């Protein structure tokens, strides 16, 4: 099966340029059609007015001839009437009898046109000026053009006696009734040249506008693609346009700042989690090794002295408590991360709580030669806190300080008021 190659989708810049160009060409086309129609309508109206003026002139001249030759049609030399062109000319007396008809030899009247002309002459015999258009037929020699009918009056006066009717028509096939083709061709050529110039200007302008419009979007696309690849430091360059594009770039950069901050925080938390798990694994290994060694010594009968056996059992119990505390720390951390931990807040004497906590870890510190000091003022006002959580935090911090403090060192706990809060600090002389 043959695979049909697909063309790449047009870019936004190309779409913008094409849309501007189509709009411009459409406007030019509409303008060209409107100008052409306006010229044709003006030319037709001008020819109609000219033909009407010509008909009135003929009517006046014939009225003067009628008076000059004794008001008798038989003596009037109608052959002297010259149309000056290939017009159709029909003259009738007051009874409608046709006295003269001048018709271009190459043109013929169709059967549909003859009744139209007869009706027009009858209206003129009733004293009504009228005009119209003859449509002709498909025959190339048929008559098609404008006509006008005028009443003939004695001596050419508008209020004179009605003595007949006159009809003048101009065929459309001659230049007198339709705009010259050369003239229309020149007009259309000028419009096309102007349209081509406008199209070039529109293309140049649209390219510039599309470039200014798409450059910020390209910058956004590159920045978004780099972020997709893991580079959260990439930012878009905001344009200086003070419009929606600038606001979009600024908003994107603000979003990127938030994402970068969140990602860095997640990475930091992940590193803390790894460090914590490594510390827990190390802390679990130490008591387990001690318990295993003490248990094997008791099982093998290596320790025979009863007092020593009791001390060994106590050591095993202490290591078990230590393991339990470590497991509790892990469970507590899981509860805090899942949001299931609840705080039991109550007024708490922090100085007394620190004394109790130091008493728990003091035996181990005394064996290691470490001094513990509670430097919190006994007069410190009670704080609203969860005593169990605070105790657990203090034990974790104290146990960590104990492991990193050499013999002869000191671990001190102090408190510093900050506004309505109380900051608890723990310091040691370890590394």
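Residue numbers (the working numbering): 24 to 454.
By construction, the Cβ of each residue, glycine as well, lies at the ideal position given by its N, Cα and C atoms.
Treat the numbers as computed from the prediction; the structure is a model and nothing was measured.
Counting along the chain, the unbroken beta strand (DSSP E) around residue 450 starts and ends at 444-451.
Judged by pairs of C-beta atoms under 8 Å, the stretch 73-83 touches the stretch 165-183, as three or more such pairs exist.
The three-state secondary structure of residue 172, taken from DSSP, is strand.
Residue 315 is classed as exposed because its beta carbon has fewer than 16 other beta carbons within 10 Å across all chains shown. Taking C-beta separations shorter than 6 Å and ignoring five residues to either side along the sequence, the partners of residue 78 in its chain run 171, 173, 191, following chain order.
Its chain contains 407, 408, 409 as the residues whose beta carbon lies nearer than 8 Å to that of residue 368, once the 5 sequence neighbours on both sides are disregarded; these appear in chain order. In this structure, the beta-carbon distance from residue 259 to residue 275 falls below 7 Å. It is roughly 18 Å from the alpha-carbon of residue 421 to the alpha-carbon of residue 298. If you look at residue 116, you'll find it in the beta strand (DSSP E) that goes 111-116. For residue 117, the closest of 271, 186, 435 by C-alpha to C-alpha distance is 186. When Cβ pairs closer than 8 Å are counted between the two stretches, the stretch 46-58 is seen to touch the stretch 208-218, the count reaching three or more.
For residue 381, same chain residues with a beta-carbon under 8 Å away, outside a window of 5 residues either side, are 395, 397, 421, 436 in chain order. Annotated as distal: residue 424 and residue 399, with beta-carbon spacing of 7 Å or more. Cβ neighbours of residue 412 within its own chain (closer than 7 Å, five residues either side excluded): 366.
Cα atoms of residue 223 and residue 49: separation of roughly 14 Å, rounded to the nearest angstrom. Per the DSSP secondary-structure output, residue 125 pairs in a beta bridge with 112.
Under DSSP, residue 397 takes part in a beta bridge, and its partners are 436. Counting every other CB atom within 10 Å of its CB across the protein chains shown gives residue 441 a total below 16, marking it as exposed.
Uninterrupted alpha helix (DSSP H) stretches at least 4 residues long and entirely within the stretch 328-363 occur at 329-361, given in chain order. Nearest in C-alpha terms to residue 282, of all of 257, 45, 132, is 257.
Per the Cβ contact rule, the stretch 262-269 is not in contact with the stretch 287-298 (fewer than 3 Cβ pairs under 8 Å). Membership of residue 378 in any beta strand (DSSP E) is not indicated; the residue belongs instead to the alpha helix (DSSP H) covering 373-390.
Rounded to whole angstroms, the gap between the alpha carbons of residue 434 and residue 335 is 28 Å. Setting aside the 5 residues that flank it on each side, residue 94 is surrounded in the same chain by 177, 186, each with a C-beta closer than 8 Å to its C-beta; the list follows chain order. Residue 194 sits close to residue 168, with the two beta carbons spaced by under 7 Å. DSSP places residue 189 inside the beta strand (DSSP E), whose first and last residues are 185-194. Only buried fits residue 115, as 16 or more other CB atoms lie within 10 angstroms of its CB.
Taking 7 Å as the cut-off, the Cβ atoms of residue 188 and residue 144 count as close. Burial check for residue 60: the Cβ neighbour count within 10 Å stays below 16, so the residue is exposed. DSSP, reduced to helix, strand and coil, places residue 406 within a strand of the structure shown. Contact annotation, residue 310 with residue 345: C-beta distance approximately 5 Å; criterion of less than 8 Å satisfied.
For residue 145, there is no enclosing beta strand (DSSP E); the residue is found in the alpha helix (DSSP H) stretching over 136-148. Excluding sequence positions up to five before and after residue 430, its CB lies within less than 8 Å of the CB of 391, 392, 393, all in the same chain and listed in chain order.
Membership of residue 157 in the beta strand (DSSP E) is indicated by the continuous run 153-157. Secondary structure of residue 94 (DSSP, three-state): coil.
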